[in-house]
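Going by my numbering, the letters in the sequence shown line up with residues 1 to 840, in that order. Where a beta carbon is used, it is the ideal one built from N, C-alpha and C, also for glycine. Scroll down for the structure; my scribbles are underneath it.
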Amino acid sequence: MATSSSSLAASAAGARSWRTAFLTLRDETLSNPPSIHQLVQSLLFSHSHCSFIYAASDLPAHEVTSDLLFLIQLVANASQFQQDWIPTFSNTCHLIHDVSRRVSLDMNSSLWTLLLDSFTKMMDFFLAKKPSNAALYKPVLECLETLRYLVSANQRKCSLSDDIQLVNFLLHIIARSHVDLISLYRPSGNQKSAIEMGKKSPRYGSLWEVQTTTFTLLGEVYSRTGSSFPVDTWQSTIQILRKMMDSLASKNLVVEDIVMSRFYVSLLHCLHLVLMDPKGSISEHVSGFVASLRMFFVYGLTGGPQLMCAAVGSKENEPGSLSLKLTSEEPKKTNNTPYRPPHLRKKEGFNMRQAKAQDAQSSSDHDSSMVDITSSDSDYSDNDGSLNDINSSRCSKVRVSAIVCVQDLCQADPKSFTAQWTMLLPTNDVLQPRKFEATLMASLLYDPYLKARMASASALAVMMDGPATVFLQVAEYKESTKCESFMALSSSLGQILMQLHTGILYLIQHETNSRLLVLVFKILMLLISCTPYSRMPVELLPKVIMSLQARIEAGFPFKSDQTGLQVAAISCLTAALSVSPLIQVKEMILEEVSTGSVEAEKKSGVLFTLLQHSERVSNPTICFEALQALRALSHNYPDLMLACWGQISAIVHKFLREASAEIPTKTWKEQAGNTVLFVGEKIVTSAIKVLDECLRAISGFKGTEDLSDEKFLDTPFTSDCIRIKKISSAPSYAPQSVEDTNPSGIEQWAETIENHMPLVLWHASAMVRTASVTCFAGITSSVFFTLPKGNQEFVVSSLISAAMHDEVPSVRSAACRAIGVVSCFQKISERDPWQVYPCC
């Protein structure tokens, strides 16, 4: 009881002391005191700081807010800023900083404006001084931290105008301190002298900490309300960021230490948040930002014992494999080594380094004490190395942040960004890296941290999407020996595409991280769609197809992601087979067919792989993708389909028979993890489309239009022009092919009509019925009239029945289209089908 009474008395005394001090200060300032500095010192800062802070907790929030704002306005508006004001300013900043952490200040827009104006005057005073004492910058940091606390506590009260004022304040502080920072460096930009300066001058580190805190706060404001900022505010921010990045690049201010790495992360993260929601054009800034950001691609990899990758072709290694070498003779800790790409691990040296790891344990214990309060366990992962190697982890964050900003630039202005391809991507020897090459492919292949490689892969995927599809069509590959000193853009792009293929295909064969492999397959899919293979080396597309086939056959060791990776690989193979047909691909598959590997079920070749995976009914997703690939192969290389008709017909018949056994009760996606061999409607539909494409290929279907060369005789200007029509539903026959050289397909059509169609024409799924009826639209006149009359009657009666009696519009529409095809046949058009086929 006595203790409680004494604490209450102490609280009351503290509150009285606070009120007395501030009331006296208000009264004395009205009577023109001799010195505000002496008055503030005697009334406020002569008390115990802790007791004064505790007293604020016992007072109403609005009263404390009013008193503190009166104090800071009084101090900031002092007429003469002399040297003896430094303690007063410092004490004022310290008091407001500590009180704001214990008391929720009652802020509004007018008070917010007053606070920012006063802080601006005080911080300009501190930043204008040139002392060697780093303690001078502690009040500046406390002011910034006070604003951060106030923003966090009053997020719901802050209006858009309040946030805009805060942004303008922060931009002013960045610009003001930036001038002071740049003056610290000699024009030579010697990185070593900059590092030594950082060690000898505490002010160097303190100024960068001011910048770090300011950029962090600026990024937080943009992440919260940046989408609502006006254009002029966003443009002012971009200009300040551009100025900062240009200064770093021009003076080579890329220093590898903890203070600087924290600054780089805050700066780059702020740039990322600003670029995420562009308010205007950044075309004039793209090249400058890219040039500056490239400096950070190898940040932390250029000094000390670093990993240097080199291609090795010795007897101990397979051709093209890579190994790791250390640039320093000092032993390297392997138990704390950051994640290395699997294809760079050297087994020969692992055991030796493992034995030496214990000798370095004491130094790793010392490193663990360097973890600062801004780090957390969530910042690191098992794949990113040990928590003891904090400096390496911070450097990796800088590299990741820079690559993410490159991706943001590409997304913000993809058209202007295309001019930066030659800066960011290699043109030769992608698997023979120069030391510390600042390209995205070098980061993807050789960065020792997984997060940096993931960021590089994501950036490459964004670059390959969008305008790149059109932009890259001008690419043309030329041998490096044929390239002169000046290389045309088309040749540069051709070299880049070749190196991208080389690097990506290498990763597909050797990478073992499932998350990265997903991105690599995405890049390859986009790369295939963008590459003009007719202007590239003739062996490139066959190499892509064979690499994918080999990876699909080898499988993936990840149980959780095995299906997803197989689907991604088969999807890439589908994209490769969908490229405009090349004679080299046809010859490659024709050689496989001619050796009998498909019929003999020899486990090799593209066709065998696709046929094998298309039968995996237990995994509908893989089965569906394999069928899609078979359809693409049938469409682009129709001359190959007769050789594998037996296998395709058997697979399709199996699907149709199982699908007609019962009505589907689950969707095809719900069957993915089911071991019961049930065929969903999507699989059946895809199988029918493969059958349709094969029939069109074998029977020589070229569309309902005349595809022969057609001359326009309307005007003399076009009389000599030849227009070749392209029917998307017709297979891509070689130019020299003519209709009478193609197999007629009579046997295949008869088999389809007798064995396949009765199972699906009356299927419960409208999607399946539509695909079935569409098959008849691919029949040719020569095939139709060579079929037995019973088959002819079946075709016509099925089409008329579907067109008249099916309840689903899509089925009726498909039937009408097929009737339109059949009715164009000359013999059919000369007679009434209702009389010829009375069963209709």
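Of the listed residues the options, nearest to residue i (C-alpha basis)
i: W749; options: S765, F794, W762; result: F794
i: R696; options: C775, V274, A687, M441; result: C775
i: S872; options: V783, R148, W85, S416; result: In this structure the chain extends from 1 to 840, so residue 872 is not present and cannot be described.
i: E511; options: T563, L445, L610; result: L445
i: A442; options: L500, E807, S161; result: L500
i: Q420; options: I36, F125, S283; result: S283
i: S42; options: S66, T233, P87; result: P87
i: L301; options: T213, S287, N391, T233; result: N391
i: D106; options: V140, E142, L69; result: L69
i: A153; options: A771, I746, N108; result: N108
i: Y637; options: L607, T621, G646; result: L607
i: D413; options: K451, G280, Q509; result: G280
i: L611; options: A629, K559, T621; result: A629
i: A650; options: V808, N755, K451; result: N755
i: A659; options: G745, A576, M757, P581; result: M757
i: I688; options: A175, I746, L761, H805; result: L761
Host alpha helix (DSSP H) of residue i (start-end)
i: R399; result: 390 to 412
i: Y54; result: 49 to 57
i: G494; result: 489 to 510
i: Q612; result: 606 to 614
i: F785; result: 781 to 786
i: I692; result: A quick correction: the sequence has Asp, not Ile, at residue 692. First-last of the alpha helix (DSSP H) with D692: 681 to 699.
i: P620; result: 620 to 636
i: H285; result: 283 to 293
i: N791; result: 789 to 805
i: A156; result: Just to set this straight, residue 156 is Arg in the shown sequence, not Ala. Taken as a continuous stretch (DSSP letters only), R156 belongs to no alpha helix (DSSP H), as it is neither H nor E.
i: E754; result: E754 -> no alpha helix (DSSP H), and no H or E assigned at all.
i: V40; result: 36 to 43
i: C816; result: 809 to 823
i: V567; result: 562 to 578
Which of helix, strand or coil DSSP assigns to residue i
i: W762; result: coil
i: N91; result: helix
i: K192; result: Confidence at K192 is low in this model, with a pLDDT of 46, below 50, so the placement of that residue is unreliable and no value is reported for it.
i: E539; result: coil
i: V474; result: helix
i: T595; result: coil
i: A78; result: coil
i: Q165; result: helix
i: Y533; result: helix
i: V544; result: helix
i: Y137; result: helix
i: K121; result: helix
i: N108; result: coil
i: M276; result: coil
i: M641; result: coil
i: E479; result: coil
i: Y222; result: helix
i: L524; result: helix
i: E318; result: With a pLDDT of 34 at E318, under the threshold of 50, the modelled position of that residue is not reliable, and no figure is offered here.
i: K332; result: At K332 the pLDDT is 39, less than 50, meaning the model places this residue with poor confidence and gives no usable figure here.
i: V617; result: coil
i: K654; result: helix
- Item | Continuous beta strand (DSSP E) assignments of at least 3 residues falling wholly in the region 413 to 459 | For the region 413 to 459, not a single whole beta strand (DSSP E) run of length 3 or above is found.
- Item | Cβ contact check for the region 398 to 408 and the region 454 to 462: 3 or more pairs under 8 Å | Below 8 Å, enough C-beta pairs join the region 398 to 408 and the region 454 to 462 to call them touching: three or more.
- Message: With three or more beta-carbon pairs closer than 8 Å as the criterion, would you say the region 205 to 224 touches the region 256 to 275?
- Response: Contact holds between the region 205 to 224 and the region 256 to 275, because three or more Cβ pairs, one in each stretch, are under 8 Å apart.
- Item | Any 3 or more C-beta pairs closer than 8 Å across the region 466 to 480 and the region 513 to 525 | Contact between the region 466 to 480 and the region 513 to 525 is not established, with fewer than three Cβ pairs separated by less than 8 Å.
- Message: For the pair the region 216 to 226 and the region 248 to 257, tell me if three or more CB-CB distances fall below 8 Å.
- Response: Not touching, per the Cβ criterion.
- Task: Would you list, in sequence order, the uninterrupted alpha helix (DSSP H) runs of no fewer than 4 residues that lie entirely inside the region 231 to 273?
- Result: Qualifying alpha helix (DSSP H) stretches, in chain order: 231 to 250.
- Message: Check whether the region 587 to 595 and the region 528 to 539 touch, using three or more Cβ-Cβ pairs below 8 Å as the test.
- Response: Because the criterion of three Cβ pairs below 8 Å is not met, the region 587 to 595 and the region 528 to 539 do not touch.
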